[in-house]
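Peer 1:
In the working numbering, the protein residues as written are 178 to 408.
1) On the criterion of 16 or more Cβ atoms from any shown chain inside 10 Å, does residue 259 qualify as buried, or is it exposed?
2) Could you check the C-alpha separation between residue 197 and residue 234 for me, to the nearest Å?
3) Does DSSP put residue 266 in a helix, in a strand, or in coil?
4) Mind the definition here: the region 260 to 268 touches the region 354 to 369 only if three or more C-beta pairs lie below 8 angstroms; say whether that holds.
5) Given this structure, state the Cα-to-Cα distance separating residue 389 from residue 262, to the nearest angstrom.
6) Who are the Cβ neighbours of residue 290 in its own chain at under 6 angstroms, not counting the five residues just before and after it?
7) Between 216, 230 and 275, which has its C-alpha nearest residue 368's C-alpha?
8) Please report the residue range of the beta strand (DSSP E) in which residue 390 lies.
9) According to DSSP, which residues form a beta bridge with residue 356?
10) Give the range of the alpha helix (DSSP H) segment to which residue 317 is assigned.
11) Taking C-beta to C-beta, are residue 321 and residue 354 nearer than 8 angstroms?
12) Quick one: using the 10 Å Cβ neighbour count with 16 as the cut-off for buried, is residue 384 buried or exposed?
13) Evaluate residue 395 with the Cβ neighbour count: other Cβ atoms within 10 Å of its Cβ, from every protein chain shown; 16 or more gives buried, anything less gives exposed.
14) In or out: residue 398 buried (at least 16 other Cβ within 10 Å) or exposed?
This is the structure:
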C-alpha cells in the first residue's frame with residue numbers, strides 16, 4: 178500500500194495552490210470559480226492552516242523566548258540557597274565504599290564493608306552495602322541537626338531582612354544543606370544503597386537530596402581489555 182501512494186505524495190508536493198484548494202471544497206458544491214477559490218484560500222489563511230508568509234522585512238520575530246538560551250530560565254528555576262554536600266557510593270566487585278564530602282570535595286565521613294564488620298568476600302555483598310548506607314544516614318542526620326542549631330543562633334540578623342530575600346527553594350526550608358548522590362560502579366552495593374534510600378531508613382535523607390548522578394567510568398576504545406574472569 179505504501180508503494181502505491183508514494184508517487185501521489187511526491188507529486189502532491191509540487192501541485193499548485195489552486196489544485197490543492199479544490200480538495201477542500203465539499204463534493205456537493207460543483208462551484209470551482211475563481212471567486213470560490215479565492216474565498217477558500219482566504220479562509221484557510223485566517224484559520225492558520227497555511228504556513229505564515231514572509232513580509233517585505235522577512236519573517237516576524239518569535240514572541241516566545243527560548244529557555245535554553247541566555248538567562249531566561251532564571252525566572253522559572255530558583256537556585257538552591259543552602260550548601261550542597263556530596264554523598265558518594267562506589268560499589269565494586271570486591272567492596273562497597275560510601276563517602277560523604279563537603280561542597281569543596283574534602284571528605285567528612287567514610288564507611289566500607291570492612292569497617293561495618295564484614296570480612297572477605299562478604300564485603301561486596303548486598304547486606305554490606307545496605308549497612309554502610311544505614312550508618313551513613315545516621316551520621317548525616319546528626320550533622321544536619323547540629324548545623325540547623327548553629328544556623329538558628331545566627332538567624333536573628335536574617336529575620337530583620339526583607340521577606341523577599343528569605344523566600345527561596347522549598348527544599349531548603351527544612352534542612353541545613355542539600356545532598357547530591359553520586360554513584361560509581363555496578364556492584365551489589367549500588368542496588369543496596371538505592372534500596373536503603375527508598376526504604377524507611379532513608380526517610381530523613383530523601384528530602385535533602387537535590388540531584389542524583391553517575392560517574393561510572395566507561396571505556397571506549399583504547400587498548401585491549403583484560404581477559405574476562407572465569408565464573
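The beta carbon of each residue, even a glycine, is placed where N, CA and C say it ideally should be. The structure presented is a predicted model; accordingly, all values stated were derived computationally and were not measured.
Peer 2: Let me lay it out:
1) buried
2) Only weak support exists for where residue 197 lies, its pLDDT of 49 falling under 50; the value from the coordinates is given anyway. So the two alpha carbons sit approximately 28 angstroms from each other.
3) strand
4) yes
5) 12 angstroms
6) 272, 273, 300 and 305
7) 275
8) 386 to 391
9) 262 and 386
10) 303 to 330
11) yes
12) exposed
13) exposed
14) exposed
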